[in-house]
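Below: one structure, written as structure tokens.
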Amino acid sequence: MALLKGYRNDVFISYAHHDNPPDPLGGDGAVTRLVAFLEGMIPQRMGTRGDYKIFFDHRDLKANHEIEHALEEARQSAIFVAITSPAYVADKSWALREMETFVELPDSKQRFFSLEVLPIDGVRTIPQVFNERKRYKFWDDGGAENKVAMQLHPKIHPIEYTTQLTAFAEQIAEVMRRIVDFEGEGPDDQPPAEEKPPIGTVLLTQANDDVEFERVKVASFLAQANVRVLPEYDYPQGGEDFKEAFAEDLEEADLVVQLLGRAAGRMPKDLPMGYQHHQHHAALEADKALIAWRHPEIDPSEVASEVQRELLESKNTVNEGLETFRGMALEALEKAVAPPPPPPPTPVLTGTGPVNTAMIYLSADKADRELAQTLFSALADRNHPVALPMFDGETADAIQQDIDRNMTESDKIVVVQGKAPTSWVRSNLVRANKARAMRRQPPELTALFKAPPPPKDSPNVMLPDLAELDSSDELDLEKFCAFVEKTTGPDT
């Protein structure tokens, strides 16, 4: 009895019998071993104690009645897993007929999986379905010296074998959970738990084979962090179809994450710069947040492809360890989906005189909050537009962004030195000077106001047009307002 109601089998395993010979290192054949792994892993990830059924036919089908039975079992299965290889896509493969039977079903696309145990791109004729559905790579390219594809083996590639199959099992379990939710019933007849909405959407770009293993690890990390990861299925290969499918996902993405290897990858005639280049620049042109990764051991100067070197040396590309990069990607997503900081408070003008238009920013530390509010009120009484920093209630990033915006856009900047540490005064004078590079024209006034209590240490920062008023012995608001109302130039 299947776990998923309405189906005879939860999972149907389709494979070429040539791909399941006895293991020369001992033990079961490769496909038998894969199935045993999935039989244990999928129910565990589903969190069910109920029945669970995988259809896996050990026989080498020959008789017509055996073949028809297998085809009917495929039709009655919730999930179809094709263990693909050159033998699988051979013209007379019975497994190919199983696949063709399943994909004819109207709702098969989201329930179809392909685990590629040997590369099929070199095969003369590849069924179109394998270019339209995601193929999970489960083989090793043999490295730069050998370059002979080899199916992953638990004794030869223990980490890759377990990591790849675990990620594959999680993808199958995720689709099964969707089917359960769609039917309105959970495992063991319990209602499905309410899911939290994802924290954001990451478009994890199509990668070359040399970084596909790292891509799987990043995808798994993001999924566990409750991130929606696109694409849900492999993109169609070929320039125009690929660009159209990528553009649809790009529109939904909050962040684009790209993993880069040494190879530039395929460059079809209608996409002459290649898939990697197109995805990178399409994200930038769409003004999407983008973070790319290259392995720290890759030296871009040693990469032959000029197109790939450009990506490896991009300002959006970091060369950190993969675990560090995964954390950076999650931080970049959280920043991309964070709401924009609120605008600075609108000054309340209470005076009766003419309204002034020059915006004044009082740069003050938390220690001088009360003093800053007193100065704010004095300027507002004279109908000056004036703004204070956001002292509380916001994230550190939001506060810093607000400071930078006020330093860049205000007409007059006054750094207040009361109880604030000298180090704080130094850093804000330097920040005011740095903000000049981002302005269309310099501020009308950049000033240092020394307020009580005395004494005051010099910040030891020299700015050519820095004005200064020392009122540390006694606060004189009339003198302060007259000082700020001056247009430019040092106080004399």
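All residue numbers for the sequence shown refer to our numbering, where the first residue is 2 and numbers rise by one.
Heads up, the beta-carbon is just placed ideally off N, CA and C, and yes, glycines get one too.
My understanding is that residue i touches residue j, with C-beta atoms under 8 Å, so please give their C-beta distance in whole angstroms.
i: Tyr-137; j: Leu-116; result: 5 Å
i: Phe-450; j: Val-426; result: 10 Å between Cβ atoms; not a contact.
i: Glu-253; j: Thr-202; result: 6 Å
i: Asp-369; j: Val-417; result: 5 Å
i: Ser-315; j: Ala-293; result: 6 Å
i: Phe-131; j: Gln-165; result: Their Cβ separation, rounded to whole angstroms, is 18 Å, which puts Phe-131 and Gln-165 out of contact at 8 Å.
i: Lys-413; j: Leu-446; result: 4 Å
i: Ala-379; j: Phe-481; result: 7 Å
i: Thr-423; j: Pro-455; result: Wrong, their Cβ atoms sit about 13 Å apart, outside the cutoff.
i: Leu-331; j: Ala-226; result: 6 Å
i: Pro-297; j: Asn-317; result: About 16 Å; that fails the 8 Å criterion.
i: Arg-263; j: Asp-211; result: 6 Å
i: Ala-150; j: Pro-128; result: Actually they are not in contact, since the Cβ atoms of Ala-150 and Pro-128 sit about 20 Å apart, beyond 8 Å.
i: Val-258; j: Val-308; result: About 20 Å separates the two Cβ atoms, so there is no contact after all.
i: Pro-453; j: Asp-474; result: 7 Å
i: Gln-152; j: Val-118; result: 5 Å
i: Ile-55; j: Leu-35; result: No, Ile-55 and Leu-35 are not in contact; Cβ-Cβ is about 11 Å, not under 8 Å.
i: Pro-269; j: Gly-240; result: 5 Å
Return the CA-CA distance between residue i and residue j, expressed in angstroms with no decimal places.
i: Ile-173; j: Ala-83; result: 12 Å
i: Tyr-16; j: Val-32; result: 8 Å
i: Arg-327; j: Ser-221; result: 10 Å
i: Pro-232; j: Leu-205; result: 7 Å
i: Pro-87; j: Glu-215; result: 25 Å
i: Leu-430; j: Ala-339; result: 29 Å
i: Leu-372; j: Asn-357; result: 22 Å
i: Leu-4; j: Gln-45; result: 13 Å
i: Asp-141; j: Phe-114; result: 19 Å
i: Ser-411; j: Arg-441; result: 12 Å
i: Glu-73; j: Glu-105; result: 13 Å
i: Gly-394; j: Leu-291; result: 29 Å
i: Leu-256; j: Leu-470; result: 47 Å
i: Leu-260; j: Asp-235; result: 16 Å
i: Ala-265; j: Gln-374; result: 58 Å
i: Glu-335; j: Leu-223; result: 12 Å
i: Gln-238; j: Gln-111; result: 18 Å
i: Glu-99; j: Ala-75; result: 6 Å
i: Glu-171; j: Met-42; result: 8 Å
i: Arg-179; j: Asp-58; result: 26 Å
i: His-154; j: Ile-400; result: 52 Å
i: Val-217; j: Arg-432; result: 42 Å
i: Met-177; j: Arg-295; result: 34 Å
i: Ala-168; j: Ile-14; result: 17 Å
i: Asp-52; j: Ile-157; result: 33 Å
i: Phe-103; j: Glu-311; result: 43 Å
i: Asp-405; j: Asp-382; result: 26 Å
i: Ile-462; j: Pro-159; result: This sequence places Val at residue 462; Ile is not what is there. Going from the Cα of Val-462 to the Cα of Pro-159 covers about 59 Å.
By the 10 Å Cβ neighbour count, where 16 or more other Cβ atoms means buried, how is residue i classified, buried or exposed?
i: Ser-94; result: buried
i: His-279; result: buried
i: Leu-251; result: buried
i: His-1; result: Nothing about residue 1 can be reported from this structure: the residues present for the chain run from 2 to 493 only.
i: Leu-285; result: exposed
i: Leu-363; result: buried
i: Glu-213; result: buried
i: Glu-479; result: exposed
i: Leu-26; result: exposed
i: Asp-271; result: exposed
i: Phe-392; result: exposed
i: Gly-275; result: buried
i: Val-12; result: buried
i: Lys-244; result: buried
i: Asn-21; result: buried
i: Thr-126; result: exposed
i: Ala-1; result: There is no way to answer for residue 1, as the model of the chain reaches only from 2 to 493.
i: Ala-96; result: buried
i: Pro-444; result: buried
i: Ala-468; result: buried
i: Ala-366; result: Looking at the sequence provided, one finds Asp at residue 366 rather than Ala. So Asp-366 counts as buried.
At a cut-off of 6 Å, would you count residue i as near the ligand MG, judging by its Cβ distance to the nearest heavy atom?
i: Phe-222; result: Within the structure as shown, the ligand MG is missing, as the structure has no ligands at all.
With a threshold of 7 Å between beta-carbons, can residue i be considered close to chain D, or not?
i: Ala-265; result: No chain D appears in the structure shown, which is made up of a single protein chain.
Problem - Contiguous alpha helix (DSSP H) assignments of at least 4 residues, all confined to the segment 370-418 - result: 370-382, 397-410
Exercise for the section: Would you check if there are 3 or more beta carbon pairs closer than 8 Å linking the segment 419-439 to the segment 378-390? Expected result: no
Practice task
Could you pull out every unbroken beta strand (DSSP E) segment of at least 3 residues lying fully inside the segment 147-179, listed in chain order?
Solution key: none
Handout entry: Given 8 Å, three or more beta-carbon pairs between the segment 4-13 and the segment 69-80
Key = yes
Problem - Contained beta strand (DSSP E) runs [length at least 3] in the segment 78-116, N- to C-terminal order - result: 78-85
Practice task
Please confirm if the segment 289-309 is in contact with the segment 223-230, defined as three or more CB-CB distances below 8 Å between the two stretches.
Solution key: no
Handout entry: beta strand (DSSP E) runs wholly inside the segment 223-273, at least 3 long, in chain order
Key = 229-231, 256-261
Problem - Whole runs of the beta strand (DSSP E) within the segment 425-455, excluding any shorter than 3 residues - result: 446-451
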